[in-house]
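Numbering (this note's numbering), first residue to last: 194 to 841. Where is the CB? At the ideal position from N, CA and C, for every residue including glycine. Some notes on the structure that comes next.
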Amino acid sequence: MLSAVVKLGAGVFALASLVNAGSYKAGSTVVVNDIYYYVPSAPVSSLGVGKHQLKAAATPGEDLIPLTVMRGNFSRFDASVLQEEVEQYSTTDDVFNPGFLQAIYLASTTSTQLDTSLASALTTFGNKLFMTSSNSGLFKSAINCSKSLPTGPYFLHAYTGDVYQAWRLYSDYEGAFTEGTIAHADGNFSTLSASIAGVQSPTIGVPSRLYYTKTESQPLAGVRLGIKDIYDIAGTKRGCGNRAYYDLYPERNTTAPAVQKLIDPGAIIVGKMKTSQFANGETATADWVDYHSPFNARGDGYSDPSSSSSGPGAGIGAYEWLDLALGSDTGGSVRNPAQVNGAYGNRPTHGLVTLDNVWMPLSPLMDTPGFLTRDATLWKTAGEVLYSGNLTEFSYFPKTIYTSGFPPNASNEAEGVLLDFLAKLETFLNVTQPTSALDYESMWTSSQQAVIENTSTLTEFLLYTYGTLISKQQYNIFGIPFISDYQAAFNGRTPFLDPSPLVRWNWARYNLTDQDLESGIHNKTVFTEWWNSEVVRNVPDSCSDSLLLYPGTLATPNYRNVYRNPPGLPLWWGVSSIGPIAGVPDVVFPLGQATYNSTITLHEEVLPVAVNIIAAPRCDAMLFELAEQLQKAGIINAPKAGSRMYRR
Numbered sequence: 194m195l196s197a198v199v200k201l202g203a204g205v206f207a208l209a210s211l212v213n214a215g216s217y218k219a220g221s222t223v224v225v226n227d228i229y230y231y232v233p234s235a236p237v238s239s240l241g242v243g244k245h246q247l248k249a250a251a252t253p254g255e256d257l258i259p260l261t262v263m264r265g266n267f268s269r270f271d272a273s274v275l276q277e278e279v280e281q282y283s284t285t286d287d288v289f290n291p292g293f294l295q296a297i298y299l300a301s302t303t304s305t306q307l308d309t310s311l312a313s314a315l316t317t318f319g320n321k322l323f324m325t326s327s328n329s330g331l332f333k334s335a336i337n338c339s340k341s342l343p344t345g346p347y348f349l350h351a352y353t354g355d356v357y358q359a360w361r362l363y364s365d366y367e368g369a370f371t372e373g374t375i376a377h378a379d380g381n382f383s384t385l386s387a388s389i390a391g392v393q394s395p396t397i398g399v400p401s402r403l404y405y406t407k408t409e410s411q412p413l414a415g416v417r418l419g420i421k422d423i424y425d426i427a428g429t430k431r432g433c434g435n436r437a438y439y440d441l442y443p444e445r446n447t448t449a450p451a452v453q454k455l456i457d458p459g460a461i462i463v464g465k466m467k468t469s470q471f472a473n474g475e476t477a478t479a480d481w482v483d484y485h486s487p488f489n490a491r492g493d494g495y496s497d498p499s500s501s502s503s504g505p506g507a508g509i510g511a512y513e514w515l516d517l518a519l520g521s522d523t524g525g526s527v528r529n530p531a532q533v534n535g536a537y538g539n540r541p542t543h544g545l546v547t548l549d550n551v552w553m554p555l556s557p558l559m560d561t562p563g564f565l566t567r568d569a570t571l572w573k574t575a576g577e578v579l580y581s582g583n584l585t586e587f588s589y590f591p592k593t594i595y596t597s598g599f600p601p602n603a604s605n606e607a608e609g610v611l612l613d614f615l616a617k618l619e620t621f622l623n624v625t626q627p628t629s630a631l632d633y634e635s636m637w638t639s640s641q642q643a644v645i646e647n648t649s650t651l652t653e654f655l656l657y658t659y660g661t662l663i664s665k666q667q668y669n670i671f672g673i674p675f676i677s678d679y680q681a682a683f684n685g686r687t688p689f690l691d692p693s694p695l696v697r698w699n700w701a702r703y704n705l706t707d708q709d710l711e712s713g714i715h716n717k718t719v720f721t722e723w724w725n726s727e728v729v730r731n732v733p734d735s736c737s738d739s740l741l742l743y744p745g746t747l748a749t750p751n752y753r754n755v756y757r758n759p760p761g762l763p764l765w766w767g768v769s770s771i772g773p774i775a776g777v778p779d780v781v782f783p784l785g786q787a788t789y790n791s792t793i794t795l796h797e798e799v800l801p802v803a804v805n806i807i808a809a810p811r812c813d814a815m816l817f818e819l820a821e822q823l824q825k826a827g828i829i830n831a832p833k834a835g836s837r838m839y840r841r
């Protein structure tokens with residue numbers, strides 16, 4: 194396929210595809226007022242504009258004219274109304290810019306009187322073609338539209354009258370994505386065939402926010418969604434953080450049900466996002482061999498983004514143009530990136546939604562799909578959509594708070610943010626008893642269950658549980674078939690593995706037995722039953738009898754330019770393990786930011802402060818509602834993207 198530069202006049206040019214025999218048109222890249230746009234190959238409508246009108250609006254040789262559709266109930270349209278519309282579009286939409294006023298289509302739902310002041314205003318905005326959908330005022334000839342168009346920026350074909358959407362192109366300079374995607378009418382997707390300047394940076398396209406209106410049936414209309422590259426998306430390949438895996442298997446022919454549940458109510462998938470290899474925990478930079486770890490935009494920009502939902506975390510922390518990301522959490526893969534990238538994030542109750550067409554489990558007993566976002570209201574809406582039918586209703590919030598790992602007093606700025614939130618939460622919930630530290634270790638030691646299991650501490654009982662389950666189950670379910678397929682395709686050769694999955698798979702292959710796996714499953718089952726019946730329990734009205742809080746992150750840098758020891762076995766037990774092993778929801782609230790002295794910039798910077806909250810199983814709706822209410826009350830402020838969560 195060849196390409197040519199076609200001039201479109203001052204400040205505008207297009208890279209148009211010239212179709213040869215056997216090729217197809219994959220869209221064009223257009224620049225309007227120094228901003229790059231992708232023009233899909235399929236039109237969304239057509240305007241019945243006369244050839245002479247199109248010719249008058251276009252510079253000779255141009256084939257695309259920037260167009261703005263203005264839809265509304267305009268009984269009168271004059272210069273002031275035009276100015277108000279332009280200001281509103283510019284404020285609410287990052288895709289629109291005044292260059293799209295070169296042509297205007299006024300689609301009024303009522304008879305419109307056009308004021309004589311409009312002519313000079315149109316000239317000021319550089320308009321060359323003004324069209325209306327009804328006969329009125331200065332313009333007596335109505336222009337028909339083959340399919341109704343929502344308000345927003347478009348491109349009008351100068352020879353056919355076809356209308357195309359405008360997708361703004363962004364450079365993924367933090368390396369959060371593997372590729373941009375675009376949807377087709379048949380439900381399939383393809384890799385975005387556009388590229389703009391950026392060193393080793395994929396290009397991501399986003400549609401105009403003006404195209405979409407949220408409704409009861411379309412609560413996610415227009416939400417820009419990134420998908421962790423472990424979920425199937427029809428028409429695209431899946432890489433799972435491994436180059437050999439990406440090259441071995443073809444494009445997927447179905448979309449994972451969890452993803453489709455977000456598409457159906459209106460979410461727009463804009464790209465697939467990086468995961469650490471096969472969703473195993475990896476630390477930047479040496480652990481990441483096949484692909485470079487995304488950058489964490491917070492602070493000096495050189496803290497580890499955490500894993501395994503590294504791309505979703507980095508993208509949400511960096512880009513205002515990205516609204517929501519779907520990750521996965523087994524042992525912390527959503528929660529940890531949410532903490533350090535300054536976002537809301539959740540590990541839901543296990544089993545709320547199917548993980549079919551996610552052919553890369555760590556442990557089916559603990560794998561969950563979760564979100565990262567900067568807005569609590571969107572988080573709640575997305576959760577209600579994805580986990581619909583499996584959320585427990587509640588009447589009021591729990592009035593008992595327990596903590597784990599909280600400092601008694603603030604010894605630094607970050608601890609001050611944490612304790613200030615706790616005090617405000619106590620007031621907000623109107624707690625019925627003083628908040629206290631939850632000594633669940635002692636509760637276990639004194640329990641009958643500890644006697645039955647012949648273990649004195651939870652550490653003794655559960656230290657090997659998580660690591661055994663994820664290593665043995667991933668190797669058995671996923672690793673063996675993958676290695677076998679690769680060896681069959683490449684004359685017995687073995688695929689490359691990053692250090693972290695390699696050490697875990699080798700442990701599973703050479704050391705762990707089926708009995709070890711059975712013991713791990715047994716210990717998990719015992720702990721789940723004990724925790725949910727004796728510690729944080731389901732109750733009527735508030736769903737969970739209490740909330741357990743623990744520090745998520747306290748503005749501590751974890752530099753990516755440090756040489757570390759090789760990854761070891763995943764053997765640990767702690768408060769963050771409760772969610773995976775007990776199968777209960779564990780969510781991250783971004784609380785604020787605190788200063789630190791950067792060894793990179795040699796300057797004072799800020800990093801996020803976050804808290805985690807654990808509740809009883811299926812109390813996810815209560816936690817989403819709590820986050821939204823705290824944000825509305827100003828106890829939590831929705832973070833911004835970039836180096837600082839909150840501007841000065």
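Query                                                                                                         : Result
Residue closest to L584, alpha-carbon to alpha-carbon, out of A477, T542 and T408                             : T542
Own chain partners of T261 with C-beta closer than 6 Å, once the 5 adjacent residues on each side are dropped : F293, L294, I297 and P346
Integer-rounded CB distance, given that T384 should sit under 8 Å from G432                                   : Rounded, the Cβ-Cβ distance is 12 Å, inconsistent with contact.
Within 8 Å, strictly: CB atoms of L441 and Y679                                                               : yes
Distance, Y439 Cα to V551 Cα                                                                                  : 14 Å
Supposed close pair V452, I426 - CB separation, criterion 8 Å                                                 : 6 Å
Proximity to F471 [Cα-Cα], best of D493, P759 and K421                                                        : K421
DSSP bridge partner residues for W360 (one or two, in chain order)                                            : Y231 and P400
Cβ distance (whole Å) where P783 is taken to contact G535 below 8 Å                                           : 5 Å
Among D560, G419 and L555, the one whose alpha carbon lies nearest that of K465                               : G419
Start and end residues, beta strand (DSSP E) containing T574                                                  : It is not in any beta strand (DSSP E) - T574 instead sits in the alpha helix (DSSP H) that spans A569 to L579.
Cα-Cα separation, P557 to Q641                                                                                : 29 Å
Residue burial classification, G220 (beta-carbon count within 10 angstroms, cutoff 16)                        : buried
Beta strand (DSSP E) segments (min. 3 residues) lying fully within the region 751–777                         : none
Per DSSP, the bridge partner or partners of A296                                                              : L260 and L322
Same chain, Cβ closer than 8 Å to L612, five either side skipped, listed in chain order                       : F599, P600, N602 and A603
K465 - DSSP class collapsed to helix/strand/coil                                                              : strand
Sheet register partners of A630 (DSSP bridge)                                                                 : T596
Where N731 sits in the DSSP three-state scheme                                                                : strand
Sequence-distant residues of its chain with Cβ nearer than 8 Å to Y668 (five each side left out)              : R697, W698, A701 and R702
DSSP-derived helix/strand/coil call for T788                                                                  : strand
8 Å Cβ cutoff met for S469 and S503                                                                           : yes
Nearest residue (CA-CA) to K218, options G319, Y231, N226 and V804                                            : Y231
Where L655 falls: helix, strand or coil (DSSP)                                                                : helix
Which of helix, strand or coil DSSP assigns to S521                                                           : strand
With 16 other Cβ atoms within 10 Å as the buried cut-off, status of Q358                                      : buried
Cβ pair count under 8 Å reaching 3, the region 516–534 against the region 812–828                             : no
Counted within 10 angstroms of its Cβ, other Cβ atoms place L747 as buried (16 or more) or exposed            : buried
Whole-number beta carbon distance between S735 and P591, since they are thought to touch under 8 Å            : 5 Å
Buried or exposed (CB count within 10 angstroms, at least 16 for buried), F683                                : exposed
Element boundaries [alpha helix (DSSP H), containing A250]                                                    : K244 to A250
Closest by C-alpha distance to A351, when choosing among S341, Q306, K321 and K244                            : K244
For P236 and S737, the rounded distance between their alpha carbons                                           : 51 Å
Residue range of the beta strand (DSSP E) that includes T317                                                  : Careful: T317 lies outside any beta strand (DSSP E), inside the alpha helix (DSSP H) at L311 to T317.
For Y405 and V224, the rounded distance between their alpha carbons                                           : 23 Å
First and last residue of the uninterrupted beta strand (DSSP E) at G345                                      : G345 to H350
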